[in-house]
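Residue numbers (our numbering), protein chains in the order written: chain A, 1 to 437; chain B, 1 to 437.
In structure tokens form, the structure reads like this:
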């Protein structure tokens, strides 16, 4: 693996266009993939210029990196994951949310008070994300400001861009909690150090409304407004949790109101799960322009349920995908796309009122283009998008006959060799490359 | 990878006991795993002697293979898969059963009329199975007798034991079907060659009752009775299929009766799926001693549904697990255990009448010990069981703290390195070993 150090090389690369040749697949709409065989993806200065079936004449003398039969794909955005839960990935699968949080999650996260430990773990996480083609994230850190800055630094060094939030959780007392005062002081202190990063930005992160005092919710809402900061949290994940929220916030009829009432509900808000969102909550999501992060693995593993994704899409709600490490166990967004489709299929069969299940094109669109949207970009490889690109090979996988590119692409979701991701770029940097290429 | 050739080595090994030291995990009951840390698994002549916390004195001078912190586990039995569908693994996931069969499956299987092609593909399949720790199977071949013998030969050479069946399908005319006469002639011819194999045995395999004429069903039932042969088929997989069977067999009230009426329903019968089996069918399964093969991935991928596994277990029905390649996409039975648990969790949440979901212990018991049962063996590493053993390492996976063996084992279902399976034995043979060990 290779983390380029930048410096001279980077400046040199900036001078010339970046051109990849291969089978370019992207999702400009949810309904059909755009596939350009033996096509050219061109970028300059870390931003996409376009995808072309033939090399445009103005680039005729430029070097082209020919990836042969391999796919050239958008690398992944993981729109909901918890960095400090990485060490407990795959554990506690026989428990539901609230028991799992107290038994596994809080003790695991509390260890990130140690910045040396935090760095060690976050470097492993960043490596594994990049190896799996994930170059953008919206990530929860722990409640520790220092470890959050470490996480941001490690991600930026690895070439991962996006948003990271120090978690606020000051409502319950316990081994892993803050006082309301410290929650606010640490948040401001953390924010004051974030301008040292170029590509990883802060996002306000009340853990979920039952973990925060109303004063802190209000404080975060004001901060969001003053500074134009985005917001991420959890919404309507589990039935017991929904009931608990109702008991804690008697003035709010519905879970989403606990965010809206404090200024944490707008078009820069990202809400994970929304499994039990009712019609009213779905309408409120659409009206405010909130982005939903669907976490199919986590919602199955923690017996939360299956979110009504088709109903959200039909309303025009932008749904993105998240691993929800460590509620979900899959780091590869290929696996997450497959789990998203599987979950939608079971919902279709088991729930008498469910409309049709999701297709590969739709799930891929959610995994890539809807994430672009949250980052202010166009769908697919739209001109001007930051380079988030990976080369994926399906060589060595047996086929029954010569396959169409669409069939080969669809198969990638379900079946790949462990070393199928060959190269990954983020902006102007090659952030991962298999040694033998 | 290493396929030992037997010969002198094998005879020499027979002379001395085979002793592995490590963390031995097995499932003697569905309710709890048996875990012996730093324990000894002892076998002689390809059969288990027992698991011991200390080396018994009579073995004190024998060589011990110390596997360190690695797990010593039962290798896997895949109780339902289609060998000739291996090339189409991961394809056609946006279709349901009957469309998927005609679009992908039948054309793919028909290519196995070519025995050279069959050998090439089956060698790749056998390699991938063994690398994934699968050493026993109950497998569907295609309708071709020659290719079925090739499959049996290839499996036996790879060290995979169990049952393989030439498929019968003579009801519909088409590019991939038999006449009733050829179905019977080819079945008898295939059976006449099966005694050349030591560890892979024939199993009668009507594809499913809508694909067979009643004469052929009757012929197979008589053959099962005369020769004491086991039977495998499909049952109540998909709602459209169940309706189709009803229209084809007007004398049968329920799908299972189409097997029972022709002598294909007894304690040597293996039925895949049973997603839509009603109370009557579940009772008939239990009374006849039929073994169910649950194929969670396939049932999700083809939108068949989720089989009522808890209800089956509560009735005492022996449920085993299958990949159902290529309806399911996972070859690793670790993945299949995880999918089994996930599917049961969604059923628990979505189906208002579903009892509790499955635990890791229960799913592991189904994957290993219930398969033993079908092969006439005891649960777990019972004395006298054939050696089906693998060494699995979780080294290199980050942990939040020192984990108990149970926690480490549970995590294996959800999170493993791609090279975690280090060695695999079948009978007296080491059939797989990672080169760097």
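Every residue gets a Cβ at the ideal spot worked out from N, C-alpha and C, and that includes glycine.
In chain order, what residues of the same chain lie with their CB nearer than 7 Å to the CB of residue i, ignoring the 5 residues before and after it?
i, result
"residue 413 of chain A", "334, 337, 338 and 360"
"residue 327 of chain B", "295, 298, 301 and 302"
"residue 111 of chain A", "117"
"residue 14 of chain B", "Because residue 14 of chain B sits at a pLDDT of 48, beneath the cut-off of 50, its placement in the model cannot be relied upon, and the following sentence gives the value as read from the coordinates. The residues are 45 and 428."
"residue 356 of chain A", "310 and 348"
From the options, pick the residue whose C-alpha is nearest to that of residue i; which is it?
i, options, result
"residue 38 of chain A", "A:47, A:172, A:22 and A:220", "A:22"
"residue 206 of chain B", "B:184, B:195 and B:411", "B:184"
"residue 53 of chain A", "A:61, A:67 and A:35", "A:35"
"residue 270 of chain B", "B:224, B:251 and B:242", "B:224"
"residue 416 of chain A", "A:86, A:70, A:64 and A:103", "A:70"
"residue 145 of chain A", "A:176, A:233, A:430 and A:188", "A:188"
"residue 202 of chain A", "A:65, A:421, A:191 and A:211", "A:191"
"residue 78 of chain A", "A:47, A:394, A:348 and A:325", "A:325"
"residue 180 of chain B", "B:154, B:119, B:208 and B:212", "B:212"
"residue 133 of chain A", "A:419, A:428 and A:435", "A:419"
"residue 316 of chain B", "B:107, B:233 and B:30", "B:30"
"residue 341 of chain B", "A:367, A:81, A:90 and A:84", "A:90"
"residue 195 of chain A", "A:175, A:227 and A:208", "A:227"
"residue 209 of chain A", "A:246, A:62 and A:402", "A:246"
"residue 431 of chain A", "A:411, A:131, A:166 and A:83", "A:131"
Can you look up residue i in the DSSP assignment and give me helix, strand or coil?
i, result
"residue 381 of chain B", "coil"
"residue 61 of chain A", "coil"
"residue 232 of chain B", "strand"
"residue 6 of chain B", "Since pLDDT at residue 6 of chain B reaches only 38, below the 50 mark, its modelled position is unreliable, and the value read off the structure follows with that caveat. In this structure, residue 6 of chain B counts as coil in the three-state DSSP scheme."
"residue 1 of chain A", "Caution applies to residue 1 of chain A, whose pLDDT of 34 falls short of 50 and renders its modelled position unreliable; the model cannot decide the point."
"residue 317 of chain B", "coil"
"residue 73 of chain B", "strand"
"residue 37 of chain B", "strand"
"residue 411 of chain B", "helix"
"residue 308 of chain B", "coil"
"residue 18 of chain A", "strand"
"residue 283 of chain A", "helix"
"residue 44 of chain A", "strand"
"residue 217 of chain A", "helix"
"residue 52 of chain A", "strand"
"residue 79 of chain B", "strand"
"residue 267 of chain B", "coil"
"residue 303 of chain A", "coil"
"residue 205 of chain A", "strand"
"residue 244 of chain B", "helix"
So, for residue i: in the same chain, excluding its five sequence neighbours on each side, which residues have a beta-carbon less than 8 Å away from its beta-carbon?
i, result
"residue 28 of chain B", "34, 369, 379, 380 and 382"
"residue 262 of chain A", "214, 217, 218, 220 and 221"
"residue 173 of chain A", "none"
"residue 197 of chain B", "152, 153 and 156"
"residue 288 of chain A", "260, 265, 266, 267 and 269"
"residue 95 of chain B", "103, 104 and 302"
"residue 384 of chain B", "47, 48, 377 and 378"
Please state whether the Cβ-Cβ distance between residue i and residue j is less than 8 Å.
i, j, result
"residue 273 of chain A", "residue 236 of chain A", "yes"
"residue 371 of chain B", "residue 136 of chain B", "yes"
"residue 19 of chain A", "residue 42 of chain A", "yes"
"residue 309 of chain B", "residue 306 of chain A", "no"
"residue 389 of chain A", "residue 142 of chain A", "no"
"residue 67 of chain B", "residue 391 of chain B", "yes"
"residue 281 of chain A", "residue 256 of chain A", "yes"
"residue 304 of chain B", "residue 275 of chain B", "yes"
"residue 82 of chain A", "residue 149 of chain A", "no"
Using a Cβ-Cβ cut-off of 6 Å (strictly less than) and excluding sequence neighbours within five positions of residue i, which residues of its own chain qualify?
i, result
"residue 409 of chain B", "25"
"residue 259 of chain B", "265"
"residue 113 of chain A", "144"
"residue 290 of chain A", "269 and 271"
"residue 422 of chain A", "391, 393, 434 and 437"
"residue 171 of chain B", "211, 212 and 213"
Less than 7 Å between the CB of residue i and some heavy atom of the ligand NAP, yes or no?
i, result
"residue 191 of chain B", "With respect to small molecules bound, the structure shown includes none, and the ligand NAP cannot be examined in it."
Worksheet item: Of all the beta strand (DSSP E) runs that stay within the bounds of the segment 105–178 of chain A, which reach a length of 3 or more residues?
Response: 134–140 and 161–165
Item to complete: Could you list the residues in the segment 78–106 of chain B with a C-beta less than 7 Å from some C-beta on chain C, going in chain order?
Response: Absent from the structure: chain C. Protein chains present are A and B.
Worksheet item: Where in the segment 338–374 of chain B do unbroken runs of the alpha helix (DSSP H), each at least 4 residues long, occur, reported from the N-terminal end onward?
Response: 360–367 and 369–374
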